[in-house]
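Working notes, beginning with the structure itself.
2 protein chains.
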Amino acid sequence: MSTLFLRTLREDPSDAEVPSHRLLVRGGYIRRAAPGGFTWLPLGWSVYRNVENIVREEMDRAGFQEVHFPALLPREPYEATGRWADYGDNLFRLKDRRGNDFLLAPTHEEMFTLLVKDLYSSYKDLPLSIYQIQTKYRDEARPRAGLLRGREFSMKDSYSFDIDQEGLQRSYDAHREAYQRTFDRLGLPYVIVSAVSGAMGGSASEEFLAPLEVGEDTFVRCSDMVCGYAANTEAVQVRAPGVASTDGVPNAHVEDTPNTPSITALVSLLNHEPGLRRSDRDWVAGDTLKNVIVRLRYPDGTTQALAVGLPGDREVDMKRLEAQVSPAEVEPFGDEDFAKHPSLVKGYIGPGVLGVHGTSGVRYLVDPRVAAGSRWVTGANEHGKHIVDLVCGRDFTPDGNIEAAEVHAGDPCPQCGSALEIARGIEIGHIFQLGRKYAEALGLSVLDQNGKQVVVTMGSYGIGVSRAVAAIAETCYDDKGLCWPREVAPADVHVVIAGKDEALIAAAESLCANLHNEGVRVLLDDRAGVSPGVKFNDAELIGVPTIVVVGRGVATGTVEVKDRKTGVKQDVSLAGAVPHLVALCR
Amino acid sequence: MSTLFLRTLREDPSDAEVPSHRLLVRGGYIRRAAPGGFTWLPLGWSVYRNVENIVREEMDRAGFQEVHFPALLPREPYEATGRWADYGDNLFRLKDRRGNDFLLAPTHEEMFTLLVKDLYSSYKDLPLSIYQIQTKYRDEARPRAGLLRGREFSMKDSYSFDIDQEGLQRSYDAHREAYQRTFDRLGLPYVIVSAVSGAMGGSASEEFLAPLEVGEDTFVRCSDMVCGYAANTEAVQVRAPGVASTDGVPNAHVEDTPNTPSITALVSLLNHEPGLRRSDRDWVAGDTLKNVIVRLRYPDGTTQALAVGLPGDREVDMKRLEAQVSPAEVEPFGDEDFAKHPSLVKGYIGPGVLGVHGTSGVRYLVDPRVAAGSRWVTGANEHGKHIVDLVCGRDFTPDGNIEAAEVHAGDPCPQCGSALEIARGIEIGHIFQLGRKYAEALGLSVLDQNGKQVVVTMGSYGIGVSRAVAAIAETCYDDKGLCWPREVAPADVHVVIAGKDEALIAAAESLCANLHNEGVRVLLDDRAGVSPGVKFNDAELIGVPTIVVVGRGVATGTVEVKDRKTGVKQDVSLAGAVPHLVALCR
Numbered sequence: 001m002s003t004l005f006l007r008t009l010r011e012d013p014s015d016a017e018v019p020s021h022r023l024l025v026r027g028g029y030i031r032r033a034a035p036g037g038f039t040w041l042p043l044g045w046s047v048y049r050n051v052e053n054i055v056r057e058e059m060d061r062a063g064f065q066e067v068h069f070p071a072l073l074p075r076e077p078y079e080a081t082g083r084w085a086d087y088g089d090n091l092f093r094l095k096d097r098r099g100n101d102f103l104l105a106p107t108h109e110e111m112f113t114l115l116v117k118d119l120y121s122s123y124k125d126l127p128l129s130i131y132q133i134q135t136k137y138r139d140e141a142r143p144r145a146g147l148l149r150g151r152e153f154s155m156k157d158s159y160s161f162d163i164d165q166e167g168l169q170r171s172y173d174a175h176r177e178a179y180q181r182t183f184d185r186l187g188l189p190y191v192i193v194s195a196v197s198g199a200m201g202g203s204a205s206e207e208f209l210a211p212l213e214v215g216e217d218t219f220v221r222c223s224d225m226v227c228g229y230a231a232n233t234e235a236v237q238v239r240a241p242g243v244a245s246t247d248g249v250p251n252a253h254v255e256d257t258p259n260t261p262s263i264t265a266l267v268s269l270l271n272h273e274p275g276l277r278r279s280d281r282d283w284v285a286g287d288t289l290k291n292v293i294v295r296l297r298y299p300d301g302t303t304q305a306l307a308v309g310l311p312g313d314r315e316v317d318m319k320r321l322e323a324q325v326s327p328a329e330v331e332p333f334g335d336e337d338f339a340k341h342p343s344l345v346k347g348y349i350g351p352g353v354l355g356v357h358g359t360s361g362v363r364y365l366v367d368p369r370v371a372a373g374s375r376w377v378t379g380a381n382e383h384g385k386h387i388v389d390l391v392c393g394r395d396f397t398p399d400g401n402i403e404a405a406e407v408h409a410g411d412p413c414p415q416c417g418s419a420l421e422i423a424r425g426i427e428i429g430h431i432f433q434l435g436r437k438y439a440e441a442l443g444l445s446v447l448d449q450n451g452k453q454v455v456v457t458m459g460s461y462g463i464g465v466s467r468a469v470a471a472i473a474e475t476c477y478d479d480k481g482l483c484w485p486r487e488v489a490p491a492d493v494h495v496v497i498a499g500k501d502e503a504l505i506a507a508a509e510s511l512c513a514n515l516h517n518e519g520v521r522v523l524l525d526d527r528a529g530v531s532p533g534v535k536f537n538d539a540e541l542i543g544v545p546t547i548v549v550v551g552r553g554v555a556t557g558t559v560e561v562k563d564r565k566t567g568v569k570q571d572v573s574l575a576g577a578v579p580h581l582v583a584l585c586r
Numbered sequence: 001m002s003t004l005f006l007r008t009l010r011e012d013p014s015d016a017e018v019p020s021h022r023l024l025v026r027g028g029y030i031r032r033a034a035p036g037g038f039t040w041l042p043l044g045w046s047v048y049r050n051v052e053n054i055v056r057e058e059m060d061r062a063g064f065q066e067v068h069f070p071a072l073l074p075r076e077p078y079e080a081t082g083r084w085a086d087y088g089d090n091l092f093r094l095k096d097r098r099g100n101d102f103l104l105a106p107t108h109e110e111m112f113t114l115l116v117k118d119l120y121s122s123y124k125d126l127p128l129s130i131y132q133i134q135t136k137y138r139d140e141a142r143p144r145a146g147l148l149r150g151r152e153f154s155m156k157d158s159y160s161f162d163i164d165q166e167g168l169q170r171s172y173d174a175h176r177e178a179y180q181r182t183f184d185r186l187g188l189p190y191v192i193v194s195a196v197s198g199a200m201g202g203s204a205s206e207e208f209l210a211p212l213e214v215g216e217d218t219f220v221r222c223s224d225m226v227c228g229y230a231a232n233t234e235a236v237q238v239r240a241p242g243v244a245s246t247d248g249v250p251n252a253h254v255e256d257t258p259n260t261p262s263i264t265a266l267v268s269l270l271n272h273e274p275g276l277r278r279s280d281r282d283w284v285a286g287d288t289l290k291n292v293i294v295r296l297r298y299p300d301g302t303t304q305a306l307a308v309g310l311p312g313d314r315e316v317d318m319k320r321l322e323a324q325v326s327p328a329e330v331e332p333f334g335d336e337d338f339a340k341h342p343s344l345v346k347g348y349i350g351p352g353v354l355g356v357h358g359t360s361g362v363r364y365l366v367d368p369r370v371a372a373g374s375r376w377v378t379g380a381n382e383h384g385k386h387i388v389d390l391v392c393g394r395d396f397t398p399d400g401n402i403e404a405a406e407v408h409a410g411d412p413c414p415q416c417g418s419a420l421e422i423a424r425g426i427e428i429g430h431i432f433q434l435g436r437k438y439a440e441a442l443g444l445s446v447l448d449q450n451g452k453q454v455v456v457t458m459g460s461y462g463i464g465v466s467r468a469v470a471a472i473a474e475t476c477y478d479d480k481g482l483c484w485p486r487e488v489a490p491a492d493v494h495v496v497i498a499g500k501d502e503a504l505i506a507a508a509e510s511l512c513a514n515l516h517n518e519g520v521r522v523l524l525d526d527r528a529g530v531s532p533g534v535k536f537n538d539a540e541l542i543g544v545p546t547i548v549v550v551g552r553g554v555a556t557g558t559v560e561v562k563d564r565k566t567g568v569k570q571d572v573s574l575a576g577a578v579p580h581l582v583a584l585c586r
């Protein structure tokens, strides 16, 4: 440490929002270099490389083959699949000196597809899984949380190529298993959740989430462990109720509903006016049908209004909505938009004017709970009026369904009906069944056993390598600093020289040399003029799993061995220290 | 090889100009992905990683510490040092979604300087040498020769930080030695030549050139091995002759020189007209003073005329000229330029009108051979007339010297006067003494022993890692294919199953398993339905150093072991094959 390129900080960096960012900067692992871009210092790069190597070893073990593509790519292949436009502002685009369009690749589906097309032509060549570990670029609107969401980051992306869906399922399962082994070795806890595939296209897809409060992803999990359902909230499919009977439901009737600025006030009015009450039970907020209008902006710049109908006890979940309408972006429906649609009466919008065939012409998609036979109170498209006993299917027909309503803790599990739990997580891996979208767009087909051209079926699989470093840091730290799992730690043992005595320094150096010869990775704090207290604090902050203090005990032939995570200390004889530590490290 | 992602090609790719490009594509190592961008296939990536690991090991061994920067960087630091402009069209520039300027870094001087400034503040922290191995970007006008000159490539760049010039010299020497060890291990022959530093700034600098005909660099070497002088032609410093006596040289006289469209014709006229002849010897082409006008274009877009005076037996060497005027670019001086300078008479330009104080106002720099006292025939600034016996220093005074004349084989060595040899090479490494340029521009200083702020002295050192792969390929191939040095080869042993017999296949597989257990890296050609002939050809093309043929010999208990490079074959007993091959590989 007397020569290591390192400065630890006592103070938290002012821009750090999450513990991993704070501690990786304070511990001298990373340093901000650009908005959303970080420099790895020697300790950090060592952890990064340990993580990268584990990922590589597990990919290789699964029989996937490593290749490496450029990051700077021509526009054409991404144009062919539509992603040049679909990625919108998230793509870094540039021109070369001749004015040709290039991009910095966010992922490489197109290039992998073209490469396999270039080399392979027969079903005999398949299955194939190839991967790379590479720097990726995404022009994030809000780079944040240090390594968790940057604009330049390292990713392992794999792609599988199969002759049919059964083959894809096998490749998908092989990646799923390899990912489980990888995250197990990284010491990263994870939940596998169903996901939507977003801009990637494709069908089945699952995410590996590290369940952490700082995560940007929200997921649900069934409280019944036997059921095992888990999904990103964006991917939750609300179970639609069965078709209810409308026998005995009065005809819909428009009513004055003065002074009902909130749903609570409206429900209260409904339950207190005899003519409005339900015969079977009280009205509740979930019986009101709220219609929210948004503007969708498509990558080509065109916009379209969309009405989302959902029970009044829920808000629209913007991430769920965005996942459904991607690559379009969701924008607020402003006063100028209302002005263009005079039939939409703000605060009183009802199905009467909605739908592509309605007066407004605004597309109308509803939550699955707004099912045939369900009975609602909703806006009557006139100021101060609501329509009561409006029955879906009898009195109005939406254009379709959309999963855009908030998911609440306690909602029924779509699989078994038990209560759902909600938690947050960091996406550390994602596996997709892409299907034939990319192969079709780019003309990747092979001859099958009957000599017929068959479009290849693909999968795409990613692990955020730099993000994994931060996720690991998030899972193992305390108020003193980081606590790395041994396999990714920058060293196995952190030896602190706690004193100036020459015998003590000699003992420490000899211990380090012997450990080194045994293949133990050692970090030696041999800084002169730094107090033992500062050295101890730095050791706790840096977070090597085993700390050895070579101090006063040397006089009586002992050193102190401390477990960074548990804090348990043990005096070990100097003579026995090497075998003791070697055993700890294996 | 039955599952390896590989296709070898019989035909040369149409766009390949050099052997390494041709063979790396044919052997299934790389594939073109973009203009100046290549994809590494599994075999190629394995070679690349071997090379990268050797580079890393040698840097670590020398005590340099590895870090890692983003490639996508903000404009500001490069603006501070002037490189944002100086790099001209060679820099990939882009804007993020907020319109901020970014670049894809060609090298990282600025960022390393700022990082050290961020962390360090005292002379006690120095010396420091840190490095990274990273993807670099340069918008080459003419990407060519495969991996030798791409727009996206991998480079190891190191930077040293010292308190003074003596420290820098030690750091520089340490890098020089580390580079020698690195290239020795890579099996790359090299010559260390003096170089100019170009856009990097700084003073002393040397290049490591692999002496190969396909190289873009031309260098000179003294024919006297004891002298040892070697320099990139751009860096050759012509030895100026001593001041000659002008006693007895007639006064300059203007003469009609009709019908002398060439220098040969002019010299012939001079030697045949009695009034023009020299008394001491015949005129030769080297006595004529040729004045070439060019236009310099500076990064800010401004232009300036420059006159280069040089002996008439030499042309201007554009690369030498460009190296002198960098970051300005050299453009032809066209008719419209001549129109703006009526005193310049095309074909008859002489010193009489040149120089910043001359009629033309055009800056006039001359070859060092145009020294004080040297006697010339040159243009008289009138059509059809030359001026004879014009003596430098007596009759005209240039604005200064410039090294822009072609270097010829046989020219005197600037160090010892022996004849120079000329050869071509590929730049595989470059070491610079940067000095204080970057530290000054970015404010990197530390407190010295006396508590005084001292600007840090820097060095910068690069190895082209991806280029080294191609350079190695260029140094070891034959008409059958590649011949890798063992340490970088994708495998140690290439085992060919030459037959369909089950016993033979079993013998080969068992041999491979045993070799693998001994730590020998094996490539097994187990492709079904591929003839032994095709397999042999592929083995020669791929170029693993040892080829083992498991064929008919198995019946009598032998396999054939062939050295790829020498072609020497040897029958080895199956039983003794493993120890024999293990010995070969160590």
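Here the protein sequences come in this chain order: A and B. The first sequence begins at 1 in the UniProt record's numbering and counts up by one. The second sequence begins at 1 in the UniProt record's numbering and counts up by one. The C-beta atom is built at its ideal place from N, Cα and C for all residues, glycine as well. All of these numbers come straight from a predicted model, not from anything done at the bench.
For Pro258 of chain A, there are no neighbours in chain B by C-beta distance under 8 Å, as the nearest C-beta there is about 47 Å away.
Along the segment 133–147 of chain A, going in chain order, the ones with a CB nearer than 8 Å to a CB of chain B are Thr135, Tyr137, Asp139, Ala141.
Beta-bridge partners of Phe208 of chain A (DSSP): A:Ile192, A:Gly429. Just so you know, the alpha carbons of Arg369 of chain B and Thr8 of chain A end up roughly 59 Å apart. If the five residues before and after Leu524 of chain B are omitted, its C-beta is found closer than 7 Å to the C-beta atoms of Met1, Val495, Ala508, Cys512, all from its own chain and listed in chain order. With fewer than 16 other CB atoms across the displayed protein chains lying within 10 angstroms of its CB, Glu315 of chain B is exposed. Residue state for Arg394 of chain B is assigned as coil, using DSSP reduced to three classes. A direct Cα-to-Cα measurement between Val407 of chain B and Ser262 of chain B gives close to 21 Å. The beta carbon of Gly187 of chain B lies closer than 8 Å to those of Ile472, Thr475, Cys476, Pro485, Glu487, Val488 in the same chain, with the five residues before and after it left out. Per the C-alpha coordinates, the member of A:Ile431, A:Glu109, A:Leu442, A:Ile387 positioned closest to Pro250 of chain A is A:Ile387. Considering only beta carbons, the part of the segment 17–42 of chain A lying closer than 9 Å to chain B consists of Gly28, Arg31, Ala33, Ala34, Pro35, Gly36, Gly37, Phe38, Thr39, Trp40, Leu41, Pro42, in chain order. Short of 7 Å from the beta carbon of Val55 of chain B, and not among the five residues preceding or following it, lie these beta carbons of its own chain, in chain order: Ile133, Lys156, Thr182, Ile463, Val465. Of the candidates A:Phe161, A:Asp125, A:Gly429, the residue whose Cα lies closest to the Cα of Glu440 of chain A is A:Phe161. With 16 or more other Cβ atoms from the protein chains shown falling within 10 Å of its own Cβ, Glu403 of chain B counts as buried.
Note on geometry: alpha-carbon atoms of Arg31 of chain B and Val25 of chain B lie some 6 Å from one another. At least one C-beta of chain B is nearer than 8 Å to the C-beta of Glu152 of chain A.
Partner residues in the beta bridge of Tyr461 of chain B, as assigned by DSSP, are B:Ser158, B:Ile431. For Val495 of chain B, the enclosing beta strand (DSSP E) begins and ends at 493–497. Contact with chain B is absent for Arg149 of chain A, since none of that chain's Cβ atoms lies less than 8 Å from the residue's Cβ. For Gln65 of chain B, the closest Cβ of chain A is nearer than 8 Å. Per DSSP, the beta-bridge partners of Tyr131 of chain B are B:Glu66, B:Ser158. Using a Cβ distance threshold of 8 Å, Pro327 of chain B and Pro299 of chain B count as a contacting pair. Within the segment 111–127 of chain B, Met111, Leu115, Asp118, Leu119 place their CB atoms closer than 7 Å to a CB of chain A, listed in sequence order. The C-beta of Trp84 of chain A comes no closer than 8 Å to any C-beta of chain B. Cβ-Cβ separation between Ile422 of chain B and Thr218 of chain B: approximately 6 Å, consistent with a contact (criterion under 8 Å). Judged by DSSP in its simplified three-state form, Val582 of chain A adopts helix.
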